[in-house]
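Participant: The structure is given below, and queries will be raised subsequently.
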Amino acid sequence: MNDDDLEALLALEMKKLQDHFLSEIPHRRAALEGCWNEVMAGGPLEELRQQVHSLRGTGSTLGFVRLGEIATPLEHALKEDVERSTLVVLYKNVLEELSSPETPKSLM
Amino acid sequence: MAQPLKRILMVEDEPDIRAVALLALERVGGFEVRMCENGFEALEVAPEYLPDLFLLDVMMPGLDGVSTLQKLRLLEGCATIPAIFMTAKVQRHEVEGYLALGAIGVIPKPFNPMGLAGDIRDLWNHSSVVGETR
């Protein structure tokens, strides 16, 4: 396989991973909402933290730059003692981003 | 390091990140990779696989990257295998903390898939002493 073929193949594989992530976003959004509602009802933070960490880490790795940027402050806020009103704003930003996700940047 | 880097054992809990990293390390880098989903799997696999390098995600549920490395160090044949952490937490004091644990370096997340293999080779080639910073 020459370099051009390898690059074309890689581009295709990377695109597939991005498409797969995009297709799972509605599911991730629903899962995030579920965790959030549990926390608001007095449940533990851990699951929500894990969800946001996963969204931020996977999203940014797959080229969803804006999602990474928007999820980062929420991830940090969930580790600190912040006002609930601040948390709500950060959470809503993420939820909104998941409702209309960006076109990811190329990974090549 | 004197010998060339060939075999990598990577620990990463996110399936999509594992998939991108596999492309980056195997297809782009030409390495042989054994991928583990969590620290416990790595502890089972490592003594048999005996890689040239451990590549560890830091924040993982169950056993985080730091605890995984500390436990790996106790296993036969694994005490001196070089390790690199991958993390978004790359402030100076955080990186110094990883190096103090004996890591040869840190790869910031999100990593560039096309550049990951080269970055790892650079860390490998420049770490004549484990823990030395570049």
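Going line by line, the protein sequences match chains Y and H. Residue 108, in my numbering, is where the first sequence stops; the numbers in between run on with no holes. Residue 134, in my numbering, is where the second sequence stops; the numbers in between run on with no holes. Glycine is no exception: its CB is placed at the ideal position from the N, C-alpha and C atoms.
Does the beta-carbon of Leu9 (chain Y) have 16 or more other beta-carbons within 10 angstroms, so that it is buried, or is it exposed?
Facilitator: Position 9 of the first sequence holds residue 9 (chain Y). Classification of Leu9 (chain Y): exposed, given that the 10 Å Cβ count is below 16.
Participant: How should Met108 (chain Y) be labelled, buried or exposed, when 16 other C-beta atoms within 10 angstroms of its C-beta is the threshold for buried?
Facilitator: Within the first sequence, the letter at position 108 stands for residue 108 (chain Y). So Met108 (chain Y) counts as exposed.
Participant: In chain order, what are the residue ranges of uninterrupted beta strand (DSSP E) at least 3 long that sit wholly in the stretch 39–127 of chain H?
Facilitator: Listed in chain order, they are 53–57, 83–87 and 105–108.
Participant: Answer with yes or no whether the minimum CB distance from Gln50 (chain Y) to chain H is below 8 angstroms.
Facilitator: For the purposes of this step, residue 50 (chain Y) is taken as the residue at position 50 of the first sequence. It does; some Cβ of chain H falls within 8 angstroms.
Participant: Can you give me the start and stop residues for the alpha helix (DSSP H) that Leu110 (chain Y) sits inside?
Facilitator: In this structure chain Y extends from 1 to 108, so residue 110 (chain Y) is not present and cannot be described.
Participant: Is the distance from the Cβ of Met60 (chain H) to the Cβ of Gly39 (chain H) below 8 angstroms?
Facilitator: For the purposes of this step, residue 60 (chain H) is taken as the residue at position 60 of the second sequence. For the purposes of this step, residue 39 (chain H) is taken as the residue at position 39 of the second sequence. Yes.
Participant: Kindly indicate which residue of H:Leu5, H:Lys71 and H:Tyr49 has the alpha-carbon position closest to the one of Leu101 (chain H).
Facilitator: The residue given as residue 101 (chain H) occupies position 101 in the second sequence. Answer by Cα proximity: H:Lys71.
Participant: Note down, in chain order, all residues in the stretch 56–89 of chain H with a beta-carbon under 8 angstroms from any beta-carbon belonging to chain Y.
Facilitator: Listed by position, the residues of the stretch 56–89 of chain H near chain Y (Cβ gap below 8 angstroms) are Met59, Pro61 and Ala88.
Participant: Using 8 angstroms as the cut-off, can you tell me whether the stretch 88–102 of chain Y makes contact with the stretch 63–71 of chain Y, which would need three or more C-beta pairs spanning the two stretches below that distance?
Facilitator: Touching, per the Cβ criterion.
Participant: Per DSSP, what kind of secondary structure is Leu9 (chain H) in: helix, strand or coil?
Facilitator: Start at 1 with the first residue of the second sequence, and residue 9 (chain H) comes out as number 9. In the structure shown, Leu9 (chain H) sits in a strand (DSSP, three-state: E or B).
Participant: Tell me the rounded alpha-carbon separation between Ala42 (chain H) and Thr58 (chain Y).
Facilitator: Sequence index remark: in the second sequence, residue 42 (chain H) carries index 42 (1-based). Sequence index remark: in the first sequence, residue 58 (chain Y) carries index 58 (1-based). When rounded, the distance between both Cα atoms is 21 angstroms.
Participant: Give the single residue among H:Glu26, H:Leu55 and H:Glu44 whose Cα lies nearest to the Cα of Cys82 (chain H).
Facilitator: Locating residue 82 (chain H) in the second sequence gives position 82, counting from the first residue. The displayed chain sequence assigns Pro, not Cys, to residue 82 (chain H). Closest by alpha carbon: H:Leu55.
Participant: Between the stretch 19–27 of chain H and the stretch 106–124 of chain H, can you find at least three pairs of beta-carbon atoms closer than 8 angstroms?
Facilitator: Judged by Cβ distances under 8 angstroms, the stretch 106–124 of chain H makes contact with the stretch 19–27 of chain H, as three or more pairs qualify.
Participant: Grouping DSSP H, G and I as helix and E and B as strand, with all else coil, what is Glu97 (chain Y)?
Facilitator: Here the question's residue 97 (chain Y) lines up with position 97 in the first sequence. DSSP places Glu97 (chain Y) in helix when its eight states are reduced to three.
Participant: Who are the Cβ neighbours of Glu12 (chain H) in its own chain at under 6 angstroms, not counting the five residues just before and after it?
Facilitator: Against the second sequence, residue 12 (chain H) aligns to sequence position 12. So the qualifying residues of the chain are Arg18 and Asp57.
Participant: Please report how far the alpha carbon of Phe65 (chain H) lies from the alpha carbon of Phe85 (chain H), in whole angstroms.
Facilitator: Looking up residue 65 (chain H) in the second sequence gives position 65. Looking up residue 85 (chain H) in the second sequence gives position 85. In the sequence as presented, Phe is not what sits at residue 65 (chain H); that position holds Gly. So the alpha carbons of these two residues sit roughly 7 angstroms apart.
Participant: Whose CA, out of H:Pro15, H:Ala88, H:Gln91 and H:Thr80, lies closest to the CA of Ser127 (chain H)?
Facilitator: Residue 127 (chain H) sits at position 127 when you count from the first residue of the second sequence. Of the candidates H:Pro15, H:Ala88, H:Gln91 and H:Thr80, the one whose C-alpha sits nearest the C-alpha of Ser127 (chain H) is H:Thr80.
Participant: Would you list the one or two residues that DSSP bridges to Val33 (chain H)?
Facilitator: As a working note, residue 33 (chain H) is residue 33 in the second sequence. The partner list for Val33 (chain H) (beta bridge, DSSP) reads H:Ile8.
Participant: Using only the alpha-carbon positions, how far apart do Glu24 (chain Y) and Ala31 (chain Y) sit?
Facilitator: Start at 1 with the first residue of the first sequence, and residue 24 (chain Y) comes out as number 24. Start at 1 with the first residue of the first sequence, and residue 31 (chain Y) comes out as number 31. Approximately 11 angstroms, taken between the alpha carbons.
Participant: Considering only C-alpha positions, which residue in the set Y:Leu55, Y:Lys79 and Y:Asp3 is nearest to Pro44 (chain Y)?
Facilitator: Residue 44 (chain Y) sits at position 44 when you count from the first residue of the first sequence. Closest option to Pro44 (chain Y), Cα to Cα, is Y:Lys79.
Participant: What residues in its chain sit with their C-beta under 7 angstroms from that of Leu17 (chain Y), if we drop five residues either side in the sequence?
Facilitator: What you label residue 17 (chain Y) is simply residue 17 of the first sequence in a count that begins at 1. Around Leu17 (chain Y): Leu62.
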